[in-house]
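Each residue of the sequence shown is one higher than the one before, counting from 8 in the UniProt record's numbering.
Glycine residues also receive a C-beta, built at the ideal position from the N, C-alpha and C atoms.
Predicted model only: the values in this text are computed from it and were never measured.
Quick notes on the structure that follows.
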Amino acid sequence: ALLATPDYLDALNAGQRDAVEHGVGSPCGPLLVIAGAGSGKTNTLAHRVAHLVVNGAAPQRILLLTFSRRAAQELTRRVERICGRVLGTGEAAMAGALDWSGTFHGVGARLLREHAPLIGLDPAFTIHDREDSADLMNLVRHELGFSAAKSRFPTKGTCLSIYSRVVNAETDLAEVLKVNFPWCAMWEAELRTLFAEYVAAKQRQNVLDYDDLLLYWAAMMSAPQIAAGLAERFDHVLVDEYQDTNRLQASILLALKPLGSGLTVVGDDAQSIYSFRAATVRNILQFPQNFTPQARIVTLDRNYRSTQPILAAANAVIGEARERFTKNLWSERENGPRPALVTVRDEADQARYVVERVLESREAGTVLKSQAVLFRTSSHSGPLEIELTRRNIPFVKFGGLKFLDAAHIKDLLALLRWVENPRDRVAGFRILQLLPGVGPASAGRMLDAMAGAADPLLELVEAPPPPRAGEGWPALTALVGTLRGRPGWPLELDHARAWYIPLMDGLYEDAAMREADLLQLCQIASGYPSREKFLTDLTLDPPDATSDQSGVPLLDEDYLILSTIHSAKGQEWKSVHVLNVVDGCMPSDLGTGTSEEIEEERRLLYVAMTRAKDELHLITPQRFFVHQQSAYGDRHVYAQRSRFISRSMLALFEDMLWPPVKPAAIEGLAPGPVRIDLGAQMRGMWAK
Ligand code: ATP
Ligand code: MG
Numbered sequence: 008a009l010l011a012t013p014d015y016l017d018a019l020n021a022g023q024r025d026a027v028e029h030g031v032g033s034p035c036g037p038l039l040v041i042a043g044a045g046s047g048k049t050n051t052l053a054h055r056v057a058h059l060v061v062n063g064a065a066p067q068r069i070l071l072l073t074f075s076r077r078a079a080q081e082l083t084r085r086v087e088r089i090c091g092r093v094l095g096t097g098e099a100a101m102a103g104a105l106d107w108s109g110t111f112h113g114v115g116a117r118l119l120r121e122h123a124p125l126i127g128l129d130p131a132f133t134i135h136d137r138e139d140s141a142d143l144m145n146l147v148r149h150e151l152g153f154s155a156a157k158s159r160f161p162t163k164g165t166c167l168s169i170y171s172r173v174v175n176a177e178t179d180l181a182e183v184l185k186v187n188f189p190w191c192a193m194w195e196a197e198l199r200t201l202f203a204e205y206v207a208a209k210q211r212q213n214v215l216d217y218d219d220l221l222l223y224w225a226a227m228m229s230a231p232q233i234a235a236g237l238a239e240r241f242d243h244v245l246v247d248e249y250q251d252t253n254r255l256q257a258s259i260l261l262a263l264k265p266l267g268s269g270l271t272v273v274g275d276d277a278q279s280i281y282s283f284r285a286a287t288v289r290n291i292l293q294f295p296q297n298f299t300p301q302a303r304i305v306t307l308d309r310n311y312r313s314t315q316p317i318l319a320a321a322n323a324v325i326g327e328a329r330e331r332f333t334k335n336l337w338s339e340r341e342n343g344p345r346p347a348l349v350t351v352r353d354e355a356d357q358a359r360y361v362v363e364r365v366l367e368s369r370e371a372g373t374v375l376k377s378q379a380v381l382f383r384t385s386s387h388s389g390p391l392e393i394e395l396t397r398r399n400i401p402f403v404k405f406g407g408l409k410f411l412d413a414a415h416i417k418d419l420l421a422l423l424r425w426v427e428n429p430r431d432r433v434a435g436f437r438i439l440q441l442l443p444g445v446g447p448a449s450a451g452r453m454l455d456a457m458a459g460a461a462d463p464l465l466e467l468v469e470a471p472p473p474p475r476a477g478e479g480w481p482a483l484t485a486l487v488g489t490l491r492g493r494p495g496w497p498l499e500l501d502h503a504r505a506w507y508i509p510l511m512d513g514l515y516e517d518a519a520m521r522e523a524d525l526l527q528l529c530q531i532a533s534g535y536p537s538r539e540k541f542l543t544d545l546t547l548d549p550p551d552a553t554s555d556q557s558g559v560p561l562l563d564e565d566y567l568i569l570s571t572i573h574s575a576k577g578q579e580w581k582s583v584h585v586l587n588v589v590d591g592c593m594p595s596d597l598g599t600g601t602s603e604e605i606e607e608e609r610r611l612l613y614v615a616m617t618r619a620k621d622e623l624h625l626i627t628p629q630r631f632f633v634h635q636q637s638a639y640g641d642r643h644v645y646a647q648r649s650r651f652i653s654r655s656m657l658a659l660f661e662d663m664l665w666p667p668v669k670p671a672a673i674e675g676l677a678p679g680p681v682r683i684d685l686g687a688q689m690r691g692m693w694a695k
């Protein structure tokens, strides 16, 4: 029978429609959509999911993987909107139907909790964020005597990076040391010992780090009894931003969908920017080979986001890349200003320039939320943040300092985590050492005693106070006693807060300001059904910082977006400013300077430029500040425009100096009638 085309397909172009309709209603082979920025990949993915559901696919049997929780929420909302309308149920009725959407790590955590008993995990495991992982690595390092006895042993952060790369790239330690950390190669034997002990410590304490969420998931998939059930559970698995997945993630997908049936991945090799986390563009480039002959490939080359002048400049920048699969993009939005290349004196001027342009655009009707300022590294927005605060312009910063990075927030979360899992030593250390008079030695003894006890929290409550612990001790044991009695969620966070506030005066000078944050934390908590869900979500994808320091996005207010380029992935704004488009920053001179690294920096600039719909400003301060952890310390450098903007591209840009030379100043210089008093000059020569 001939079915009328559903109207939501009308707006799609032929390629997008191919991708959306691929294999719907029949056994569906693997599908790859590989296409440039703004060509509608994510949009196509949303329509594909909706189309699958409209045609009878069960939403709870669809697994949707994105690179952030925010991206997952946006995508599911779009699907719900389309489905609700087409199926006539309304959007609200669809809410929550796409139960399995999120990041690889988030979905991994959920699956692991569910299967914990089958794989020898205690389902009450807690998750360590990077900082906790580094702290644990440090504890183990000390215990093994590596940090003290061996001078110049890699720092805890470097150890963790090495460990993480070995895991995510599915390669061995020797190889990672040789390729990525040559200056640590002499420590191979010690590192091997350290990592073995780190893994053992995590297991004893029932904690998983970020990498474990993928590693255990992958391992679980190689157990035939479990793998079959999991592979059967999802009819469709769809992945956005596939160019930024690593080998471990590709293995997981392959295990979920061995023949690729029901598997859809979309991405853009020109936007691969996460190799420092072991992501590899090979995943996307080899997808067709991995799934020959069934794999269907769709490419798209019309960009719906940007004006042609912006695209032409972005095409030129990526056009000089060494290798690339996706083609140049074109847009039907012919008109618009050329992107500006703005040279300013220093970062203070850069901040003033941005603020001026932003206010001008707002005046002209572009709300702040439709404008973004992007930068390579979180610290680069410092001078701008000061200027924005001075001028009272609200902003939200993505990818920089997280709400969670604040010590007082971490303290409170560590307390909850410790109650959830009393074997979590990093959490225990953190809490015990908050008490005046309790140092690492007595904290360690206490934790050892707890580790050996059947009921660790009861052990703590009944233990004699450590020698120099003052009044803090009874307060802590009273709190733990209360929490052990399960007062309920989120009430227990209120108890914890009440305990913590009096301690803060001794810990921080700005305790009053921090108290407000704790209240915000309680507000966030009230949106969660349980402590465990709250902790998991906040650890995996913490809220971003905002200009009012409260950590909660100013939802109904208008605010400017500040974001690292990495966190800007997939998003778009009417007007985009890119800061510090200078050599040494883009490309950054922090890396080892291999040509692969430099190519990745080019892609980073490409990602930044392709976020802009209507207006793009690339700014080059002639002098800029470098934060360095080296013998030279922080310093100013005189900077050149990024090498990625080559001479041959200049015609595509509007090249300008700011502040502009003022007309008045030009008048002053203008040649007037010559009037030189030669007599006075002669007299002056002899004047005493
Ligand atoms: P990126 O590579 O940056 O992630 P993308 O390929 O995922 O980009 P989308 O974000 O899906 O691109 O789409 C870019 C913009 O183009 C969005 O505003 C989207 O609504 C719009 N768009 C996509 N397809 C169409 C279409 N067929 N008709 C009109 N607008 C479209
Ligand atoms: Mg996208």
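Placement of the Cβ of Lys334 at a distance of 7 Å or more from every heavy atom of the ligand ATP is found.
Comparing alpha carbon positions, the residue from Val380, Pro66, Thr165 and Arg397 closest to Arg240 is Pro66. Here the distance from the Cβ of Gly577 to the nearest heavy atom of the ligand MG is below 7 Å. Between the segment 128–137 and the segment 199–207 there are fewer than three inter-stretch CB-CB distances shorter than 8 Å, so the stretches are not counted as touching. When the Cα atoms are used, Arg398 and Ala277 turn out to be separated by approximately 37 Å.
Checking the 7 Å criterion, the Cβ of Asp247 is within range of a heavy atom belonging to the ligand MG. Distance between Ala371 and Gly406, taken at the CA atoms: about 29 Å.
Here the alpha carbon of Glu608 sits roughly 6 Å from the alpha carbon of Met593.
Distance from Val27 to Arg68 at the Cβ level is roughly 19 Å; contact not present, criterion being Cβ atoms closer than 8 Å. By the Cβ rule, the segment 422–434 counts as touching the segment 130–141, because three or more pairs are nearer than 8 Å. Judged by the Cβ position, Thr49 qualifies as a neighbour of the ligand ATP at the 7 Å threshold, a heavy atom of the ligand being closer than this. Shortest gap from the CB of Gly45 to any heavy atom of the ligand ATP: under 7 Å. With a cutoff of 7 Å, Leu261 does not count as near the ligand ATP, since its C-beta is closer than that to no heavy atom of the ligand. If you look at Ser649, you'll find it isn't in any alpha helix (DSSP H); DSSP assigns it neither H nor E. Looking at Phe202, Leu420, Thr178 and Val60, the one whose alpha-carbon comes closest to that of Cys166 is Phe202. Within a 10 Å sphere around the beta-carbon of Val374 sit fewer than 16 other beta-carbons, which makes this residue exposed.
Along the length of the segment 152–228, whole alpha helix (DSSP H) runs at least 4 residues long occupy 153–156, 163–175, 180–186, 195–212 and 217–228, reported in chain order. Not one heavy atom of the ligand ATP is found less than 7 Å from the C-beta of Ala379. Beta-bridge partners assigned by DSSP to Ser582: Gln378 and Glu622.
Residue pairing by DSSP places Arg24 in no beta bridge whatsoever. Ranked by how close their Cα comes to the Cα of Leu419, the residues Gly63, Glu354 and Tyr507 have Tyr507 in first place. With a minimum length of 3 residues, the unbroken runs of beta strand (DSSP E) contained wholly in the segment 39–72 fall at 69–72.
According to the DSSP assignment, Glu81 belongs to the alpha helix (DSSP H) that extends over Arg76 to Val93. In the DSSP annotation of this structure, the continuous segment of the beta strand (DSSP E) that includes Thr271 starts and ends at Leu270 to Gly274. Judged by DSSP secondary structure, Val361 falls within the alpha helix (DSSP H) whose first and last residues are Glu354 to Glu370. Runs of the beta strand (DSSP E) lying entirely within the segment 119–155 and spanning at least 3 residues, in chain order: 133–135.
For Ala460, the secondary structure class from DSSP, reduced to helix, strand or coil, is coil. Assignment of Met663 by DSSP, reduced to helix, strand and coil, places it in the strand class.
With a cutoff of 8 Å on beta-carbon distance, Lys417 and Leu411 are scored as near each other. In the three-state scheme derived from DSSP, where H, G and I count as helix and E and B as strand, Phe631 is classed as strand. Rounded to the nearest whole angstrom, the CA to CA distance from Val349 to His624 is 7 Å. When the beta-carbon positions are compared, Ile280 and Leu39 stay at least 8 Å from each other. Relative to Tyr566, the option among Pro401, Gly91, Ala234 and Tyr645 whose CA is nearest is Pro401.
The segment 15–26 and the segment 305–312 touch, with three or more beta-carbon pairs separated by less than 8 Å.
In the three-state scheme derived from DSSP, where H, G and I count as helix and E and B as strand, Thr543 is classed as helix.
Between Met511 and Ala505, the gap from beta carbon to beta carbon reaches 8 Å or more.
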